[in-house]
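Student:
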Amino acid sequence: MAKVLSDIEIAQQTKLEPITAIANQVGLTDDDLELYGKYKAKISFDAIKRLSKNEDGKLVLVTAITPTPAGEGKTLTTIGLAQALNYMGHKAVVALREPSLGPVFGIKGGAAGGGYSQVLPMEDINLHFTGDMHAITAANNLLAAAIDNHVHQGNALRIDVRRVIWKRVMDMNDRALRNIVVGMGGKVCGFPREDHFMITVASEIMAALCLASDLMDLKKRMGDITVAYDLDGNLVTARQLGVEGAMAILMKDAIKPNLVQTIEHTPALVHGGPFANIAHGCNSVVATKLAMKMGDIAVTEAGFGADLGAEKFMDIKCRFAGIKPDAVVIVATVRALKMHGGVDKKNLQEENVEALKKGFANLAKHIENMRLFDVPVVVGINKFISDTDEEIATLRKLCEDYGVEVALNNCWAEGGKGGVEMGEKVLKLLQQPKTPYKPLYDVNDSIPKKMETIVKKVYGGDGVIFEGNAQKQIKELEAFGLDKMPICVAKTQYSLSDNPALLGAPKGFKVTVKDVRVCTGAGFIVCQTSNIMTMPGLPKVPAANRMDIDENGVITGLF
């Protein structure tokens with residue numbers, strides 16, 4: 001029996017094309033690129049402006065059912081679909097988020113696809129890549145340093161040190177930094193106060209990067225960021241501290257999208273990486289719109305299930321970017337649906353058609369969620385070796401009976417060739433007339449009404465409970481006139497509810513909001529539920545423990 005290669009072994013055996021050759025496929029010249037070695041590059045804004053005159057290609061959004069430890073394979077499906085479309089003779093470009101070092105060394109491992117549907121060089125993409133994460137970290141922490149220095153140097157803005165809301169960040173899972181005290185050590189070190197760290201991808205600068213149109217727009221957004229309250233209860237912004245220009249200097253390269261390639265040399269833009277459980281979960285507007293100019297079809301993804309990344313894609317990203325997907329692929333696996341039907345992870349290898357039928361309720365809810373936005377849907381069944389013929393046939397029939405297109409996806413094992421059926425179904429959907437953009441709610445609705453709309457329509461819940469502190473925060477935002485923005489819900493990715501233990505398609509629950517804060521730079525309001533962490537911790541056995549590098553620089557265990 002032939003050895004099954006790991007993702008990193010497959011990646012290391014692939015012969016890469018020079019990134020200049022990949023660029024030439026999509027109308028870019030060598031002068032349009034800023035090279036980071038032979039196989040990755042940033043694209044200049046002069047080139048972006050030139051390509052903006054091209055007609056828009058079709059846009060396909062890939063999302064998924066509620067994730068489980070069994071794995072869904074959304075990123076590999078996104079990559080595999082783009083490869084399949086190219087294999088079928090179309091000009092497709094993929095647009096993805098950048099991985100965060102926290103999950104890479106934590107539970108998840110690498111996040112560059114899998115099998116024969118990966119973006120390469122996967123080691124670079126999963127690690128330092130082109131330095132975007134580090135630039136965001138530096139810009140975020142420059143602003144944090146400026147706040148404490150301003151207070152130390154006399155506090156002309158009368159910042160209330162009890163109400164500094166800007167947090168420091170780092171791109172690593174480190175629970176010990178969630179709650180800390182800074183300024184210890186006497187007068188020369190500043191005023192002692194409680195502070196907090198978040199993971200870099202939760203920074204508002206990441207969100208602003210992913211929603212900005214260019215560097216000047218990003219600089220404006222960073223200047224608009226609310227960092228604290230003054231002693232009179234007024235908002236204090238980064239602009240008042242005078243550091244938005246310096247922050248923009250740190251971000252001058254990070255705003256440019258990164259060009260890489262898939263295993264089959266399909267052009268890929270990998271840019272920005274907000275998490276979908278604590279932020280809006282989509283790659284940059286710049287990269288997505290550029291992908292639509294570079295190819296006839298752009299394939300992108302949104303993080304976690306359709307209740308999180310895809311809802312935010314539709315209600316936040318599309319609203320700001322003036323775009324709308326022409327089709328949506330919802331990734332599902334037999335294994336994950338059996339878990340939603342009550343099967344324990346250790347028993348997933350065993351055939352269980354009844355559990356699959358029960359777990360289908362989760363997929364059905366996500367199909368319904370995407371239909372709320374008036375977009376055509378196809379279900380992509382990501383095939384695992386343990387799936388039986390009867391289970392696959394059952395899932396196909398369940399989808400067909402529900403009135404949704406369905407296709408088998410074997411992109412992990414076969415690359416683009418394994419996604420041809422899915423590609424055919426997507427092309428069929430792309431022939432349908434495009435309908436106008438249809439957000440879920442009006443931004444001018446009140447915060448409670450917008451949140452209730454999301455909970456009732458998307459999550460399937462009965463309503464929202466706002467804790468006392470959240471109610472006070474809502475009144476404050478209303479007084480400032482800052483309540484007329486889209487809502488970004490921070491909640492668990494493991495359930496449609498805010499309780500990770502409720503699998504399938506739960507009913508009769510209410511979502512509890514403990515914190516409501518405004519991101520004046522990004523342009524949305526975060527409603528945070530009671531169980532979400534903005535600084536994750538490492539598991540008992542981190543993914544880092546299985547990783548190594550030899551004397552020749554060959555990495556093992558990254559994925």
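All letters in the sequence shown, in the order written, are residues 1 to 559 by full-length UniProt numbering.
Backbone N, C-alpha and C define an ideal beta-carbon position, used for all residues, glycine too.
Only a predicted model underlies this, so the values are computations on that prediction, with no experimental measurement involved.
1) How about T78 and T300: are their beta carbons less than 8 angstroms apart?
2) Count Cβ pairs between the stretch 229 to 249 and the stretch 138 to 153 that sit closer than 8 angstroms; are there 3 or more?
3) How about G419 and Q83: are their beta carbons less than 8 angstroms apart?
4) Quick one, are the C-beta atoms of K226 and I165 less than 8 angstroms apart?
5) Where does M222 sit, in a helix, a strand or coil, going by DSSP?
6) Please go through the stretch 186 to 247 and give each complete alpha helix (DSSP H) segment of 4 or more residues, from N-terminal end onward.
7) Ordered along the chain, which non-local residues of its own chain (more than five positions away) have a Cβ less than 6 angstroms from that of D387?
8) By DSSP's criteria, S117 is part of a beta bridge. Which residues make up the other side?
9) List the DSSP bridge partners of K58.
10) Tell me the DSSP secondary structure of P506 in three-state form.
11) Quick check: what's the CA-CA separation for M1 versus A413?
12) Would you identify the three-state DSSP class for D548, choosing helix, strand or coil?
13) I need the straight-line Cα distance from I263 to G113, nearest angstrom please.
14) Tell me which residues share the same chain as F320 and place their Cβ nearer than 6 angstroms to its Cβ, disregarding the 5 neighbours each side in the sequence.
15) Between the beta-carbon of L120 and the beta-carbon of T14, is there less than 8 angstroms?
16) What are the complete beta strand (DSSP E) segments, minimum 3 residues, inside the stretch 387 to 431?
17) Between which two residues does the alpha helix (DSSP H) harbouring P103 extend?
18) Can you give the beta carbon distance from A332 to L363, rounded, assuming they're within the 8 angstroms contact cut?
19) Closest to A355 by C-alpha separation, out of N369, L395, T237, would be which residue?
20) If you draw a straight line from the C-alpha of N552 to the C-alpha of L558, how long is it?
21) Under the three-state reduction of DSSP, which class applies to L157: helix, strand or coil?
22) I need the straight-line Cα distance from P376 to L61, nearest angstrom please.
23) Please report the residue range of the alpha helix (DSSP H) in which A139 lies.
24) Going by DSSP, what residue range makes up the beta strand (DSSP E) through K42?
25) Counting along the chain, where does the beta strand (DSSP E) carrying E34 start and finish?
26) Give a yes or no on whether the C-beta atoms belonging to V182 and R193 are separated by under 8 angstroms.
27) By the three-class DSSP mapping on this structure, what secondary structure does M1 have?
28) Per DSSP, what kind of secondary structure is M172 in: helix, strand or coil?
29) How close, in whole Å, do the beta carbons of T556 and A202 come, if the pair is a contact with beta carbons under 8 angstroms?
30) Looking at the structure shown, is G322 part of a helix, part of a strand, or coil, going by DSSP?
31) Taking buried to mean at least 16 other C-beta atoms within 10 Å of its own C-beta, is residue 570 buried or exposed?
32) Exposed or buried, Q473, counting other C-beta atoms within 10 Å across all chains shown (16 or more means buried)?
33) CB-CB under 6 angstroms to R158, same chain, minus the five flanking residues each way: which ones, in chain order?
34) Would you list, in sequence order, the uninterrupted alpha helix (DSSP H) runs of no fewer than 4 residues that lie entirely inside the stretch 433 to 470?
35) State the Cα-Cα distance for the pair K312 and V516, rounded to the nearest angstrom.
Tutor: Let me lay it out:
1) yes
2) yes
3) Between G419 and Q83, the C-beta spacing is below 8 angstroms.
4) Strictly speaking, residue 226 in this sequence is Thr, with Lys absent from that position. Result yes, Cβ atoms of T226 and I165 sit closer than 8 angstroms.
5) helix
6) 204 to 211, 215 to 224, 238 to 241
7) V334
8) G114
9) K58 pairs with I297.
10) coil
11) Note that M1 scores a pLDDT of 48, beneath 50, so its modelled location is shaky; the value from the coordinates is reported in the next line. The straight-line gap from Cα to Cα measures roughly 15 angstroms.
12) strand
13) 10 angstroms
14) Excluding its 5 nearest sequence neighbours in each direction, F320 has C-beta neighbours in its own chain below 6 angstroms: L211, listed in chain order.
15) yes
16) 405 to 409
17) 101 to 105
18) 5 angstroms
19) L395
20) 16 angstroms
21) coil
22) When rounded, the distance between both Cα atoms is 11 angstroms.
23) Counting along the chain, the alpha helix (DSSP H) containing A139 begins and ends at 132 to 152.
24) 41 to 43
25) 33 to 35
26) yes
27) In this prediction, M1 scores a pLDDT of 48, lower than 50, which makes its location untrustworthy; the coordinate-derived value is nonetheless stated afterwards. Of the three classes helix, strand and coil, the one that applies to M1 here is coil, per DSSP.
28) Looking at M172 - three-state DSSP - the assignment turns out to be coil, as it is neither helix nor strand.
29) T556 to A202, Cβ: 30 angstroms. No contact.
30) coil
31) Because residue 570 is not part of the residues shown, which for the chain are 1 to 559, the question remains open.
32) buried
33) Correct list, in chain order: D230, L231.
34) Runs found: 447 to 454.
35) 17 angstroms
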